[in-house]
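Have a look at the structure below, then the notes.
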Amino acid sequence: MFRRIAGFVMALGMLASWLLGCRPAAPSPVTLTIIMEQVPDTDVIRKLLPDFEKENPGIKVVIDAMPYDAMRDKILASFMAPRATYDVIIVDNPWMDEFVAGNFLEPLDDRIRGIPDYDFEDFVKPVRDIGVVGGKIYGIPFYNYALGLIVRQDLFDDPAYRDAYQKKYGKPLAPPTTLEDYVRIAQFFKEQSGGKIYGAAMQPQRGYKVFEEWKNWLYAAGGNLLDDQGKVILDRPEAVRALELYIEMYKTAAPPNSLNWGFDEALRSMAAGEAATMMSYNWMLPTLNNPQGPAGNLAGKFALYEVPGGKAVLGAWHWAIPRNAPNKDASWRFISWVTSKRVEKQRVILGGAPVRVSAMKDPEVWQKGFGQSYYETVLKILEDAEPLARGPKAEEIIQVVGTELNAAVAGEKTAEQALKDAAAQVRRILGQ
Amino acid sequence: MTGLARGIAVKAMPARGILRWGRRWPVLLRFSMLSIAAVAVLFPFLWIFLASLKPPVELSRPSLFGFEPTGVNWSEVWLNSPFARYFLNSVMVGSLTVMVSLIVGAPAAYAFSRFRVGGTGLRFLILAAQMMPPALFIIPFFLMAYYVGLLDTIWAVAIAHLTFIAPLVTWFLIGFFEDVPRDLEEQAMVDGCTRWQAFVRVVLPAARPGLAAAGLFAFIMSWNEMFYALMLAGGHSKTLPVAIAGYWTFRGVDMGKMSVAITSAVIPVMIASFFVQRYLVRGLGGGALKG
Amino acid sequence: MGHRDRRLGRRMVLPLILLLLAVQGYPMAFAVYISAHDYRLTALSEVRWVGLEQYRGLLDNPSYWTAMKNTLVFVFGAVSLELLLGFLVAYLLWRPVPAQNLFRAILLTPMFVTPIAVGLMFRFLLNNQLGIIPVWLRSLGLEIDWFGPDLALFSLILIDVWQWTPLMVLLLLAGLEALPVEPFEAARVDGASELQIIRHLTIPLIRPVMLAAILIRMLDAFRVFEYVYAITRGGPGERTETILFHIYRVGFLYFRLGEAAAMAITLALVIFVLVVLLFRSLRRQEALT
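Following this line, the structure appears as structure tokens:
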């Protein structure tokens with residue numbers, strides 16, 4: 039009676055082994071598998087791939103795109119396998135030091151030196167510095183996500199608002215350059231529009247989002263997470279001031295009940311014409327100004343500025359080669375091709391976020407892309423920018439600080455208490 | 048939970064009997080309350096379906112109607128993205144899991160219902176197993192999948208789904224087998240079948256609707272599961288829930304396309320649910336609830 | 003039952019037991035193993051035995067306790083609301099009403115939808131500016147901060163209620179339909195009011211079904227992950243940090259698998275204790291009837 043079951047199980051097993059066995063056998067031409075995130079910048083790379091494969095007939099590229107939250111553990115699993123699953127990976131900036139500390143990434147200095155006209159210095163310094171750990175280069179910049187201040191220029195240019203502001207504050211209405219100005223202008227827009235337009239669409243969501251936004255405020259107030267010696271200075275008075283202003287802004291000028299808002303809600307609020315400003319990724323400007331995009335007939339009325347204080351939070355993705363990748367030469371061939379000046383220019387024209395100075399200064403890019411002033415502003419933003427956190431524990435630090443900040447905005451704690459708690463936890467994480 | 052069954056194993060009454068005394072709440076009142084509930088249930092679906100037809104600009108506004116419907120989201124998702132493949136992945140994972148679960152679960156359920164193998168304790172253990180927090184399993188699974196090279200394959204997901212689908216199917220089938228009259232198999236055994244043959248030739252065919260319902264319900268559960276799928280297979284082999292979550296990127300939520308994905312994932316399940324509803328109660332009770 | 007039947011029975015159960023040992027027993031043992039080690043995915047060469055250190059660490063880990071507390075609040079809040087509403091709807095559906103089958107089909111649909119879709123749907127439906135629900139409420143003069151510190155956990159409970167009350171309805175309706183008619187007719191003859199009948203007759207009679215339904219729902223509610231993941235990410239502060247989400251964070255964002263496994267095991271223990279308690283009271287019910 040068990041023969042039937044046994045037979046069935048065997049058949050199933052055979053089916054399974056057959057299906058498993060039919061994976062691609064070791065190919066004679068090299069196939070590169072790249073893990074990437076499901077974002078528009080990945081689609082841009084997809085569009086460029088045929089060119090690469092034409093220029094490098096022996097190499098085929100397969101992109102494995104997935105949601106952000108699925109990436110980290112896949113990359114790590116690939117690191118630990120005897121032979122990497124992924125020939126090329128992309129690394130988010132909080133992961134960089136962690137991966138290097140785990141000895142998972144291949145240093146690229148010699149390979150870079152091997153290409154005479156590569157011009158590594160052409161990448162904007164703060165961006166390329168993310169990929170440099172302990173004096174060695176492990177990551178080549180892919181695209182940036184630095185923050186800027188996106189405003190409704192038409193509101194700032196509106197005579198009614200201008201006059202009212204001049205009358206009230208005795209100075210012209212202009213995009214803010216200090217925190218106090220920012221709060222005041224945001225409050226002004228809300229009052230003056232009778233509550234129809236909120237001063238700022240914020241993103242106080244717990245974790246990464248609130249920290250990403252608030253750290254711009256922290257920079258503007260003259261503070262930071264760590265000082266030059268790496269000591270935690272998150273509980274200093276500058277930080278308290280930055281957080282108090284941030285909370286004041288949330289309470290008086292942001293859309294009500296937006297405590298769980300992340301990037302997406304803020305963007306939609308801007309797009310729907312309900313907010314006058316937001317701190318967001320610099321490349322959201324073209325999205326908002328696209329008539330086919332979310333803003334519809336408001337398209338063209340948005341403008342990008344540096345965040346108040348000038349120093350912005352920098353995010354960036356880097357290309358890297360895992361140490362256990364089987365075809366490192368082919369991997370490097372792809373990375374060096376896609377990050378070369380020539381291809382970077384094409385990539386930026388197709389809508390990718392720039393990382394090379396030469397691309398941002400190229401008139402052809404201006405003309406085929408989003409215009410001169412946009413790229414000049416982006417370059418200014420990138421030149422004075424710093425990542426959210428560095429070091430092998432960056433991810434955890436971001437989560438912990440982001441939790442305390444969000445609690446303070448929610449009114450669960452005072453700004454001072456929240457920062458004290460955050461600083462204590464960061465010290466513990468860093469073993470100070 | 049066999050004792051429980053005894054506790055409430057009251058015979059189903061003909062509806063007529065209930066009719067006679069149950070006229071206290073006016074029909075109209077009950078009808079309108081149920082209508083309110085139905086609206087509360089249907090509204091989010093309607094909203095998400097409408098969202099799938101909206102052009103991007105409308106998605107930033109809290110509008111319901113009054114927009115130019117567009118099919119661009121639908122064609123983008125189904126024609127210009129590997130969504131069909133993810134759909135297929137989900138089908139594969141579900142079928143694989145359900146197939147194995149039925150093969151392993153049906154004999155076990157029969158044994159539980161007829162021979163009381165292992166007593167109440169073992170039965171109960173099966174139910175408890177189905178309820179274990181996935182967080183407990185995910186870490187070992189992840190490491191196992193990586194060691195044997197199954198990471199990011201539908202196999203890894205299917206195996207992980209077996210942790211709760213196999214017990215669920217077994218639990219379900221106990222109830223259905225208890226409904227198969229014992230005379231059937233006894234007659235077959237009188238006719239010269241062994242007990243096993245009686246099970247295969249008589250009991251299984253008699254419990255076919257139950258098998259189908261259990262399989263379908265288990266398929267739906269696998270179809271909807273995200274946690275394992277996200278952790279074990281996020282790339283080429285992602286399943287529908289992971290694909291849906293994938294429209295939510297740090298460059299924003301692609302609401303239009305996400306709505307298409309949600310609608311596409313929900314419709315087949317809704318249709319399937321109409322078929323299983325009738326059988327669900329019997330199954331969920333695992334023989335404990337006599338419907 | 004003969005000796006041979008017994009043996010056949012054991013053989014028929016064997017494949018399932020083996021399968022469960024493979025897909026559950028082994029991972030569970032593995033989880034216990036790594037919970038006794040300093041097991042970090044980024045430093046697999048430094049794995050070392052730490053005994054019960056991970057568990058002791060949980061004792062003074064405030065986030066862990068907050069997450070546990072939130073999860074318990076969530077489970078009890080959601081399940082009791084679902085029981086109430088579920089009973090109401092089942093009661094309404096019990097007796098003939100126009101379009102009964104259609105109502106039944108519609109009212110059961112939410113439980114068949116993937117929870118991540120439900121989470122994302124409500125994230126936007128309840129959004130203060132983009133969602134249609136706050137717009138309607140505002141026209142009624144109501145301003146509700148759904149995901150603010152006071153209501154966030156409750157909002158997640160409501161979403162759970164939307165999705166899982168149908169299961170309650172299903173089970174309770176089955177229980178109701180199986181009730182004997184005679185006691186009800188007798189009560190009616192005695193002139194009992196509807197409420198009295200519900201309180202003294204209907205509820206006691208279907209109590210065993212209710213307990214079973216509560217058990218099924220409760221165990222499932224402990225696994226809440228998708229709504230948190232899609233909507234609040236645990237915020238404001240730690241107001242909606244549930245235990246599964248916390249385990250995910252520690253295990254897969256910080257890669258401290260040993261600590262995450264220890265948390266998962268304590269969670270399994272909590273669930274186990276609750277199940278035993280509920281099961282006991284089921285038994286007692288049974289003894290009474």
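Residue numbers (the numbering used here), protein chains in the order written: chain E, 39 to 470; chain V, 48 to 338; chain Z, 3 to 291. All C-beta atoms, glycine included, are put in the ideal place defined by N, C-alpha and C. Because the structure is a prediction, the values reported are computed rather than measured.
In whole angstroms, give me the CA-to-CA distance for residue i and residue j.
{"i": "Gly232 (chain E)", "j": "Trp138 (chain Z)", "result": "20 Å"}
{"i": "Ala64 (chain E)", "j": "Ile291 (chain V)", "result": "With a pLDDT of only 42 at Ala64 (chain E), under the threshold of 50, the placement of this residue in the model should not be trusted, and no figure is reported."}
{"i": "Met316 (chain E)", "j": "Asn182 (chain E)", "result": "18 Å"}
{"i": "Gln102 (chain Z)", "j": "Ile19 (chain Z)", "result": "42 Å"}
{"i": "Lys112 (chain E)", "j": "Trp252 (chain E)", "result": "30 Å"}
{"i": "Leu157 (chain Z)", "j": "Glu272 (chain V)", "result": "According to the sequence displayed, residue 157 (chain Z) carries Ser and not Leu. Rounded to the nearest angstrom, the two C-alpha atoms are 22 Å apart."}
{"i": "Phe114 (chain Z)", "j": "Gly268 (chain E)", "result": "51 Å"}
{"i": "Pro180 (chain V)", "j": "Glu434 (chain E)", "result": "24 Å"}
{"i": "Ala119 (chain E)", "j": "Ala85 (chain V)", "result": "52 Å"}
{"i": "Phe89 (chain Z)", "j": "Gly236 (chain Z)", "result": "31 Å"}
{"i": "Pro29 (chain Z)", "j": "Ala266 (chain Z)", "result": "12 Å"}
{"i": "Met236 (chain V)", "j": "Ala259 (chain V)", "result": "25 Å"}
{"i": "Leu277 (chain V)", "j": "Leu279 (chain Z)", "result": "33 Å"}
{"i": "Trp255 (chain E)", "j": "Tyr284 (chain E)", "result": "7 Å"}
{"i": "Arg67 (chain V)", "j": "Gln324 (chain V)", "result": "Because Arg67 (chain V) sits at a pLDDT of 43, beneath the cut-off of 50, its placement in the model cannot be relied upon, and the following sentence gives the value as read from the coordinates. The straight-line gap from Cα to Cα measures roughly 27 Å."}
Relative to the alpha-carbon of residue i, which residue among the options has its alpha-carbon at the smallest distance?
{"i": "Leu175 (chain Z)", "options": "Z:Leu276, Z:Glu145, Z:Arg225 and Z:Leu207", "result": "Z:Leu207"}
{"i": "Phe264 (chain V)", "options": "V:Gly282, V:Met236, V:Gln244 and V:Phe321", "result": "V:Phe321"}
{"i": "Arg8 (chain Z)", "options": "V:Met191, V:Ser311, V:Arg170 and V:Ala158", "result": "V:Ala158"}
{"i": "Val464 (chain E)", "options": "E:Ala432, E:Ala448, E:Glu450 and E:Glu454", "result": "E:Ala432"}
{"i": "Val138 (chain V)", "options": "V:Ala245, V:Ala254, V:His208 and V:Ser306", "result": "V:His208"}
{"i": "Val393 (chain E)", "options": "E:Gly245, E:Ser378 and E:Gln405", "result": "E:Ser378"}
{"i": "Val140 (chain V)", "options": "V:Ala280, V:Ser311 and V:Ala308", "result": "V:Ala280"}
Would you list the one or two residues that DSSP bridges to residue i?
{"i": "Arg50 (chain Z)", "result": "Z:Asp40"}
{"i": "Glu75 (chain E)", "result": "E:Met104"}
{"i": "Met317 (chain E)", "result": "E:Leu187"}
{"i": "Arg258 (chain Z)", "result": "Z:Arg42"}
{"i": "Val171 (chain E)", "result": "E:Lys174"}
{"i": "Glu424 (chain E)", "result": "E:Val351"}
{"i": "Thr296 (chain V)", "result": "V:Gly299"}
{"i": "Trp357 (chain E)", "result": "E:Ile128 and E:Ile178"}
{"i": "Lys163 (chain E)", "result": "DSSP output for Lys163 (chain E) lists no bridge partner at all."}
{"i": "Leu342 (chain E)", "result": "E:Ile188"}
By a C-beta neighbour count over all protein chains shown, 10 Å radius and 16 as the cutoff for buried, is residue i buried or exposed?
{"i": "Gly177 (chain E)", "result": "buried"}
{"i": "Gly293 (chain V)", "result": "buried"}
{"i": "Asp162 (chain Z)", "result": "buried"}
{"i": "Arg61 (chain E)", "result": "In this prediction, Arg61 (chain E) has a pLDDT of 40, which is less than 50 and means its spatial position is unreliable; what the coordinates show is noted afterwards. With fewer than 16 Cβ atoms within 10 Å of its Cβ, Arg61 (chain E) is classed as exposed."}
{"i": "Lys304 (chain V)", "result": "buried"}
{"i": "Ile55 (chain V)", "result": "Confidence at Ile55 (chain V) is low in this model, with a pLDDT of 31, below 50, so the placement of that residue should be treated as unreliable; the coordinate-derived value is given next. Ile55 (chain V) should be labelled buried."}
{"i": "Pro275 (chain E)", "result": "exposed"}
{"i": "Lys101 (chain V)", "result": "buried"}
{"i": "Ile273 (chain Z)", "result": "buried"}
{"i": "Arg108 (chain V)", "result": "buried"}
{"i": "Val300 (chain V)", "result": "buried"}
{"i": "Pro346 (chain E)", "result": "buried"}
{"i": "Val275 (chain Z)", "result": "exposed"}
{"i": "Phe224 (chain Z)", "result": "buried"}
{"i": "Gln234 (chain V)", "result": "exposed"}
{"i": "Gly261 (chain E)", "result": "buried"}
Is the beta carbon of residue i less than 7 Å from the beta carbon of residue j?
{"i": "Pro214 (chain E)", "j": "Ala423 (chain E)", "result": "no"}
{"i": "Ala460 (chain E)", "j": "Leu281 (chain E)", "result": "no"}
{"i": "Val74 (chain V)", "j": "Leu109 (chain Z)", "result": "no"}
{"i": "Glu84 (chain Z)", "j": "Met212 (chain Z)", "result": "no"}
{"i": "Asn136 (chain V)", "j": "Thr286 (chain V)", "result": "yes"}
{"i": "Val81 (chain Z)", "j": "Arg219 (chain Z)", "result": "yes"}
{"i": "Val216 (chain V)", "j": "Ala261 (chain V)", "result": "yes"}
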